[in-house]
Amino acid sequence: MKIIATDKAPAAIGPYSQGYEVGGLVITSGQLPVNPATGEMPATIAEQAEWSCKNVAAILEAAGSSLDKVVKTTCFLADIADFAAFNEVYAKYFTSKPA
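Under our numbering, the letters of the sequence shown match residues 12 to 110, in that order.
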């Protein structure tokens, strides 16, 4: 097992890591929509989705992987009315259509 850590994504805020590489798989922890350079969270769902996706991509890159190799995601929205705006951004990043 190998812990994955990068300063290109927000540091973990609890007793967990940004990700792990184990048995040829890379597992990432949940990523908040935070700009790692400023620590700020943007206001709109589109901007929040953008930062969450960028942060996942940074962790995968640190592990030597990429978004096109992702097979499963779980996304949580506080308001289902934001689904269309979120999905538009998500589709730009996850072009391989993970489960």
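Just so you know, even glycine gets a beta-carbon here, dropped at the ideal spot from N, CA and C. Given the structure is predicted, the values throughout are model-derived calculations rather than measurements.
Query	Result
Helix, strand or coil at LYS108 according to DSSP, with G and I counted as helix	coil
ILE91, DSSP secondary structure in three states	helix
C-alpha gap between ALA74 and VAL81, whole angstroms	13 Å
LEU36 burial status per 10 Å Cβ neighbour count (16 or more: buried)	exposed
Where the alpha helix (DSSP H) containing LEU71 begins and where it ends	56-73
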